[in-house]
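K.L.:
Quick one: this structure, given as structure tokens, is what I'll be asking you about.
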Amino acid sequence: MNPTQIMDKIFKLLDRVGFLADKAYQEHLKAEETVGQPVVFNISKEAEEVIASFSGKDFSKVIERKKRLYGLD
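Each residue of the sequence shown is one higher than the one before, starting from 10 at the first, in this note's numbering.
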């Protein structure tokens, strides 16, 4: 396998990870909407950054939302 093929495989894997991260985040938002209140999304700060970057959302919005969830406003 040449370096270009290896990089193509890596980028395909990263795309898949991003898709799955965004899907998990969207499911979490649907759960919150269903119950009508914040639901704890138990993931690390690093994972939140990845999800925010792949979902195209500004990370500051994720931080604001987390503060709201835990009453830290």
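A virtual CB, placed ideally from N, CA and C, is assigned to each residue, including glycine.
Within 10 angstroms of the Cβ of A40, are there 16 or more other Cβ atoms? Answer buried if so, exposed if not.
P.N.:
Counting Cβ neighbours within 10 Å, A40 comes out exposed, since fewer than 16 surround it.
K.L.:
Secondary structure at P47, three-state DSSP: helix, strand or coil?
P.N.:
Three-state result, P47: coil.
K.L.:
Tell me whether the beta-carbon of V48 lies closer than 8 Å to the beta-carbon of H37.
P.N.:
Yes, the pair counts as a contact, with Cβ atoms nearer than the cut-off.
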